[in-house]
Amino acid sequence: MTLRGHEPIIIDKFNGLYQRGDNDSCPLDHFQDCKNIQFYGQSAFRTRPGIDISQDVAVPLENIKRVYNYPTNTANTLILLSYDYTTNQGKIYHIVDATNVFGPLLTVTGMVDFAFVPYAGRGYISPIGYYTQGDLNIEKGLDNEFLYVYAGDGTAARKAAGAAMSGTMTVANGAAGHTDPGVKIFGFVSETISGYLSPPGLLTQFSTNAAFSVSFGSVDASGDPNVVARHLVATKSIPAFNGDLQGYQFYFVPNATIANNTDTFLNNISFYDADLLDDASHLLDNYTEIPAGAALTLYHDRLIVFCTFDEISIGLVSNEGEPEAISQIDGIIVVPPDGNPITNGQELRDVLYVTKRSRTVSFADNGDAPSAWPLVIVDNALGTSIHGIATVLDTGSSSVDFLIVCTYQGVSLFNGRYITPEISWKIEQFWKDQDRNEFRFIQIINAPIQKEIYIILPDRTLLVGNYANGLDPQKIRWSPWSFAMGVNTIGIFNIDEIIIGSDLVIS
Amino acid sequence: MGTLRITRVAAVGTVVGGLAGVCSATNDTGWNTMTTPCTTDAALEVGFISRIFCTTRTPSPAAITLGSIVFEFDQGTALFSLDGDPAISFNSLPSGFLATDLTINYKIGGHCGNAQVDMTANFYVDDVLVHSVVNTGAAIDFSGNFTYDICQGNDLTGFEIIGTRLKIEIVHASAGAGGNNSAYGNFFSNTAFVATGNYFIFRQSTIITPTDPIEEGDTVDVTSDPDGINPIDFSQLLTATLDWTDSDGNPHSINIPPILWITFTIHFFRFTVPAGVTGQIVILTITSTQFSGSVALGKLMTIFFENATGIYTLVPGKTNDTLYDNDNGDTIDAKFPDPFWKTGFIGG
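Protein sequence lines correspond, in order, to chains S and H.
15 is the number of the first residue of the first sequence in this note's numbering; add one for each residue after it.
19 is the number of the first residue of the second sequence in this note's numbering; add one for each residue after it.
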């Protein structure tokens with residue numbers, strides 16, 4: 015054929031990276047290889063957007079390990095982990111805006127990662143440790159560490175939950191009033207500023223008189239500066255007291271609260287046994303300090319801590335609306351142990367999905383205690399890593415009717431089952447070239463405004479998928495991005511602002 | 019090679035272990051001017067650290083337990099005298115500083131007049147420690163063996179970097195150690211310690227974080243600070259290597275052959291990156307000739323590499339990256355790392 019007879023080949027569509035099989039199989043409208051380009055419009059592309067510094071302060075934070083969006087009651091902010099290599103300490107900071115930083119809120123030796131969920135303006139923080147199990151890298155709650163709560167106001171984070179009040183109080187008949195006569199056990203429950211109710215403490219036996227109210231003295235102010243109130247609890251009259259102060263059912267006494275942490279008395283409380291309706295006994299079963307886990311999530315207004323250092327296949331589930339109240343008896347859900355730790359948990363369509371690296375199960379709140387929630391095996395082959403479920407916008411969770419999950423097979427849509435082909439179908443080889451043992455460094459976010467998915471890869475570069483033409487395996491357009499420095503973590507806040515964190519080293 | 023001595027500082031040590039509560043450390047005025055002076059010894063006057071004073075006799079050897087005398091120093095305190103010069107702090111040691119040996123000598127003060135007794139058996143011998151000497155703001159990755167002697171014996175002490183401090187720990191007597199019983203009981207009663215040694219400066223390195231990943235053929239300029247203390251003389255360069263860690267965490271090291279040394283003058287070194295370097299964080303290590311103790315290497319400065327960790331924001335439409343320059347408290351604009359694309363094979 016002469017050149018004159020040659021038919022020109024027009025390439026007017028650019029649909030991103032295609033790495034499946036050998037290079038010959040790459041369609042003409044795709045790229046065998048590409049880097050640092052961004053797709054826009056229907057089929058155009060350009061260089062990726064630049065990055066700018068996010069902190070306008072004299073000494074910006076360095077060595078960023080993890081960043082999360084943190085919506086407080088008043089602003090959309092960031093919370094992040096900076097690592098000090100000279101002291102081997104992880105330090106949590108709260109980034110309010112470009113010029114205002116709180117922290118370190120929490121400093122923990124060996125904290126190389128952390129899990130986080132915002133709740134009612136507060137932030138719950140769980141230090142994560144990186145460990146090995148044979149040749150396998152695993153992540154668990156950091157040994158001898160706990161769940162922390164941060165008030166969001168720059169004050170230091172403190173351990174979530176808390177112990178019962180201790181000491182000895184006095185109980186005596188008060189002014190004329192009424193009670194059902196007989197032996198009762200009285201105690202006080204302290205309430206922290208975050209709403210946590212401690213186990214009943216100061217338990218004291220007293221025999222009430224029908225014609226009198228009851229008064230309490232020497233009610234020690236709790237040593238916890240976060241306590242804001244103390245509530246009186248009591249048993250109903252006990253016909254034959256056996257001496258076991260904790261062996262009876264406690265109830266909150268109506269209208270019997272010391273509304274501060276300073277007064278040491280509560281006088282002239284009248285009540286009948288029939289008034290005791292609000293049970294407080296379950297507080298005796300709660301963790302007073304909650305072990306750290308590798309993942310946190312919210313489900314049905316409950317906080318769940320997954321994969322503690324000692325128990326890698328359980329989730330600790332709080333009471334509804336009480337994120338720090340976790341029963342050691344029935345607040346536990348168990349994924350069948352298989353040697354692999356739980357890596358993640360996420361609610362979708364009123365169902366709680368829990369993953370391991372290659373397994374997915376579900377639990378459904380049936381109104382009973384969490385330990386009685388039915389477990390359903392969803393997938394015995396696919397799961398994800400600790401940051402492998404996409405967060406959406408600035409919610410820190412899924413807000414659309416599906417999840418985007420990084421599995422070993424690829425980046426998959428999940429709507430109760432993993433949909434195949436996965437949306438990373440076009441770059442299957444690229445994905446499978448990633449180091450599977452380093453998937454803990456993968457972090458994924460979904461930015462629906464930009465219609466882009468951002469994935470931190472184990473090699474500290476970024477993989478971006480543009481789905482402006484459709485979120486399906488054929489229409490999504492992929493491109494790797496790299497920077498002069500390695501990127502470790504990514505977050506999204508203020509609706510569509512993308513934040514990237516960088517560290518000197520990978521782990 | 020030069021001489022090193024550790025000078026006396028205001029803060030002396032603490033006594034722990036078997037001697038705790040019996041002996042205390044004091045900061046005396048000098049070896050030859052101790053409260054109970056011994057025979058003067060001009061050679062040991064330099065490097066005087068401290069004096070240990072015991073109020074009572076230490077237990078008999080049969081009851082001896084391990085104990086130690088700890089001298090702890092702040093890294094910012096002027097402590098190291100090089101070649102007889104005024105002392106400088108650990109943090110101010112010239113980049114590339116390497117103490118090749120450190121000798122701890124003691125002298126018995128309480129029994130001046132008595133014949134000195136061989137105390138060798140009363141000292142516990144530990145392993146020789148190997149440490150990295152980290153000079154702030156400059157190079158890292160130095161290491162050296164610290165060897166120790168003690169007069170009359172071959173005891174070992176430890177010279178350690180503890181967080182932000184330095185520690186010299188002199189370990190004494192293990193359980194059941196032999197030696198002269200009566201002498202042991204008085205050994206620490208009025209004993210001074212001196213520390214002298216030698217240093218050497220022959221190697222220097224720095225972390226370089228390029229605005230672009232280093233690639234084969236890149237030209238890198240390295241300068242030394244001509245205004246620094248004894249700036250490096252690149253003209254005496256012997257070897258240069260690049261070290262980095264790949265994405266799998268595997269360390270790599272590659273020699274920069276002399277053929278790739280473009281220019282190496284007194285304060286300037288330009289080289290071409292050899293093939294095979296793919297890291298983004300690379301350590302450049304230079305071996306130079308053996309300088310005398312009075313000629314220390316200066317601080318390496320790189321022209322376009324910096325520590326750029328931190329948090330960033332993607333800015334739509336921005337056509338370059340603006341990075342933190344954490345080493346200099348500034349920012350730096352950098353181009354994108356080579357955007358590119360390769361279409362599928364036409365006709366394939």
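No residue lacks a Cβ here, since even glycine has one placed at the ideal position from N, Cα and C.
Among the options, which has the Cα closest to the Cα of residue i?
{"i": "P388 of chain S", "options": "S:G397, S:L396 and S:A378", "result": "S:A378"}
{"i": "A293 of chain H", "options": "H:T283, H:I277 and H:T303", "result": "H:I277"}
{"i": "N460 of chain S", "options": "S:G424, S:G505 and S:Y432", "result": "S:G505"}
{"i": "L291 of chain S", "options": "S:P268, S:T302, S:T276 and S:N282", "result": "S:P268"}
{"i": "T303 of chain H", "options": "H:D103, H:L332, H:S99 and H:H270", "result": "H:H270"}
{"i": "Y210 of chain S", "options": "S:Q342, S:F116, S:S332 and S:I437", "result": "S:S332"}
{"i": "G168 of chain S", "options": "S:Y432, S:L119 and S:I142", "result": "S:L119"}
{"i": "F53 of chain S", "options": "S:D517, S:T503, S:W495 and S:V501", "result": "S:W495"}
{"i": "K489 of chain S", "options": "S:G30, S:R18, S:G166 and S:V228", "result": "S:G30"}
{"i": "T206 of chain S", "options": "S:Y301, S:E338, S:L298 and S:I65", "result": "S:E338"}
{"i": "P239 of chain S", "options": "S:G176, S:Y265, S:G231 and S:F285", "result": "S:G176"}
{"i": "S227 of chain S", "options": "S:N281, S:P384 and S:V233", "result": "S:N281"}
{"i": "E159 of chain S", "options": "S:T249, S:K173 and S:I67", "result": "S:K173"}
{"i": "A224 of chain S", "options": "S:S204, S:V242 and S:I283", "result": "S:I283"}
{"i": "F128 of chain S", "options": "S:D382, S:K465 and S:Y107", "result": "S:Y107"}
{"i": "V566 of chain S", "options": "S:G188, S:S57 and S:P384", "result": "Because chain S here runs from 15 to 521, residue 566 of chain S falls outside it and cannot be looked at."}
{"i": "G402 of chain S", "options": "S:A386, S:D382, S:V368 and S:N380", "result": "S:V368"}
Taking the C-alpha atoms as reference points, what is the distance between residue i and residue j?
{"i": "R62 of chain S", "j": "N508 of chain S", "result": "21 angstroms"}
{"i": "P435 of chain S", "j": "Y84 of chain S", "result": "34 angstroms"}
{"i": "T121 of chain S", "j": "A352 of chain H", "result": "33 angstroms"}
{"i": "Y32 of chain S", "j": "R474 of chain S", "result": "21 angstroms"}
{"i": "P305 of chain S", "j": "I391 of chain S", "result": "26 angstroms"}
{"i": "Y313 of chain S", "j": "T357 of chain S", "result": "16 angstroms"}
{"i": "G155 of chain S", "j": "K79 of chain S", "result": "16 angstroms"}
{"i": "N77 of chain S", "j": "F202 of chain S", "result": "45 angstroms"}
{"i": "M137 of chain H", "j": "G20 of chain H", "result": "Model confidence at M137 of chain H stands at a pLDDT of 37, short of 50, so the residue's coordinates are unreliable; what they give is reported in the following sentence. Roughly 30 angstroms separates the two Cα atoms."}
{"i": "A336 of chain S", "j": "T337 of chain H", "result": "Looking at the sequence itself, residue 336 of chain S is Glu, so the reference to Ala does not match. Going by the C-alpha atoms only, they are around 48 angstroms apart."}
{"i": "D449 of chain S", "j": "N151 of chain S", "result": "11 angstroms"}
{"i": "E21 of chain S", "j": "F59 of chain S", "result": "25 angstroms"}
{"i": "T86 of chain S", "j": "N216 of chain H", "result": "59 angstroms"}
{"i": "I25 of chain S", "j": "W359 of chain H", "result": "13 angstroms"}
{"i": "V375 of chain S", "j": "S516 of chain S", "result": "33 angstroms"}
{"i": "G479 of chain S", "j": "G35 of chain S", "result": "20 angstroms"}
{"i": "V238 of chain H", "j": "A498 of chain S", "result": "16 angstroms"}
What three-state label does DSSP hand residue i in the structure shown?
{"i": "F164 of chain H", "result": "With a pLDDT of only 27 at F164 of chain H, under the threshold of 50, the placement of this residue in the model should not be trusted; the figure read from the coordinates follows. If DSSP states are grouped into helix, strand and coil, F164 of chain H belongs with coil."}
{"i": "I247 of chain H", "result": "Here I247 of chain H scores only 47 on pLDDT, less than 50, and its place in the model should not be relied on; the value that follows carries that caveat. Coil, per DSSP."}
{"i": "L260 of chain H", "result": "strand"}
{"i": "Q464 of chain S", "result": "coil"}
{"i": "H192 of chain S", "result": "coil"}
{"i": "S516 of chain S", "result": "strand"}
{"i": "I24 of chain S", "result": "coil"}
{"i": "K198 of chain S", "result": "strand"}
{"i": "L291 of chain S", "result": "coil"}
{"i": "P487 of chain S", "result": "coil"}
{"i": "L17 of chain S", "result": "coil"}
{"i": "F444 of chain S", "result": "helix"}
Would residue i be called buried (16 or more neighbouring beta carbons within 10 Å of its own) or exposed?
{"i": "F363 of chain H", "result": "exposed"}
{"i": "I109 of chain S", "result": "buried"}
{"i": "V71 of chain S", "result": "exposed"}
{"i": "N354 of chain S", "result": "buried"}
{"i": "F279 of chain S", "result": "exposed"}
{"i": "L256 of chain H", "result": "exposed"}
{"i": "Q147 of chain S", "result": "exposed"}
On the DSSP bridge list, what partners appear for residue i?
{"i": "R316 of chain S", "result": "S:Y313"}
{"i": "I277 of chain H", "result": "I277 of chain H pairs with nothing; no bridge assigned."}
{"i": "V238 of chain H", "result": "H:F289"}
{"i": "C48 of chain S", "result": "H:W359"}
{"i": "R373 of chain S", "result": "S:K370"}
{"i": "C420 of chain S", "result": "S:V425"}
{"i": "V5 of chain S", "result": "Lying outside 15 to 521, the shown extent of chain S, residue 5 of chain S is not represented and no answer is given."}
{"i": "S39 of chain S", "result": "Per DSSP, none; premise fails for S39 of chain S."}
{"i": "V163 of chain S", "result": "S:Y138 and S:R172"}
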